[in-house]
Amino acid sequence: GCGRSGTHALTALLRRHGIAAMHEAHGREVTLGWPYTGHIGSAAGVSNWKEIWPMGGQPRPNDSHEPIFKLHRHPLFVLPSIAAGFTSSGRCRWPSERRWDARAWRCASSFVSLPVTAQAITDQTTCSLAYEARLRLALHYWVKWNLLGDRWANRKFQVETMSVDEIVQAWCAHCKQTRSCTCPQSAELLARNSSTGNSSTRRVRPTKGHGRKRAAITWEMLSSIDPAMTRVAQAMTLEYGYSLNGTNATAP
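Residue numbers 1 to 252, in the UniProt record's numbering, belong to the letters of the sequence shown in order.
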């Protein structure tokens, strides 16, 4: 899914339940990260991936990419988070954060068309863009990156409501049906024992920021910035099982 949608929190959830998951790095059982939507979707592979995403310990070309699960977060919450800082910290305060914000936009714009200049990325000044410009950039990214991810996803989850049980059950069921992957023992054990344990420990912790009740922006604010893209985002929000006012509906 998109960056700032909860992949850090999901990584922590999986690891708390014994699954070897890594965030934006090669995981023995699970690899999580928004950049891989572009990497996996490239038919011929990405020869300059180290330049596009300069992090160590990246997945290897022969790693399994199945099943592919996609994570959603309501756009009225994720868009201001991206606009504040397209970084792991969600901020643009320090030089390292400004550097990684520019790198994130370079990665995203390598696969989808975004309203950001190559010069701003090269100069690492994307954090200095006006808030409305960053919000519009986040809106375009959310729409286009989600559409790209929809092409590859085997299953979709809402970070606000999903549980580790849903994930492992979908994982094992997919591998059993397709016979193209293996459900590891840790996931099989969780799937068999899904009815036991404290349900609150089997979901993403609200303290990670995904349980807030009030959004920082409105659809009216987005529409004043880019009405056409806002209409597309609203249609996708409903398709992904959310209500427009920021509450969750039935997951797709």
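Glycine included, C-beta positions come from ideal geometry on N, C-alpha and C. If you're wondering where the values come from, they're calculated on a predicted model, not measured in any experiment.
Report the residue from 139, 116 and 108 whose alpha carbon sits nearest the alpha carbon of residue 219. 139
Taking the C-alpha atoms as reference points, what is the distance between residue 97 and residue 128? 12 Å
Give me, in chain order, the residues of the same chain whose beta-carbon lies closer than 6 Å to that of residue 83; leave out the 5 immediate sequence neighbours on both sides. 134, 135 and 138
If you check the beta carbons only, do residue 38 and residue 113 fall under 8 Å apart? no
What residues in its chain sit with their C-beta under 7 Å from that of residue 180, if we drop five residues either side in the sequence? 66
Separation of residue 155 from residue 170, as counted between CA atoms: 8 Å
Which runs of the alpha helix (DSSP H), 4 residues or longer, sit entirely within the stretch 58 to 106? 75 to 84
Under a three-way DSSP split, which group does residue 244 fall into? The DSSP-derived three-state label of residue 244 is coil.
What number of angstroms, rounded off, separates the C-alpha of residue 121 from the C-alpha of residue 189? 45 Å
For residue 128, which three-state DSSP category applies? helix
Relative to the C-alpha of residue 232, which candidate in 142, 55 and 10 has its C-alpha closest? 142
Which residue's Cα is closest to the Cα of residue 57: 21, 105, 116 and 102? 21
In chain order, what residues of the same chain have a beta carbon less than 8 Å from the beta carbon of residue 55, not counting five sequence neighbours either side? 24 and 25
To the nearest angstrom, how far is it from the Cα of residue 32 to the Cα of residue 11? 7 Å
Where residue 184 falls, given that 16 or more other Cβ within 10 Å makes a residue buried: buried
Would you kindly report the start and end of the unbroken beta strand (DSSP E) that includes residue 179? Neither: residue 179 is in no beta strand (DSSP E) and is coded neither H nor E.
Pull up the distance between the alpha-carbon of residue 80 and that of residue 86, whole angstroms please. Going by the C-alpha atoms only, they are around 10 Å apart.
Residue burial classification, residue 222 (beta-carbon count within 10 angstroms, cutoff 16): buried
Is residue 159 helix, strand or coil when you go by DSSP? coil
According to DSSP, which residues form a beta bridge with residue 28? Answer by DSSP bridge pairing: none, since residue 28 is not bridged.
Do you know whose CA, among 204, 217 and 241, lies nearest residue 77's CA? 217
Measure the beta-carbon distance from residue 72 to residue 5 and round it to whole angstroms, keeping in mind my assumption that it falls under 8 Å. Contact flag correct, Cβ pair sits at about 7 Å.
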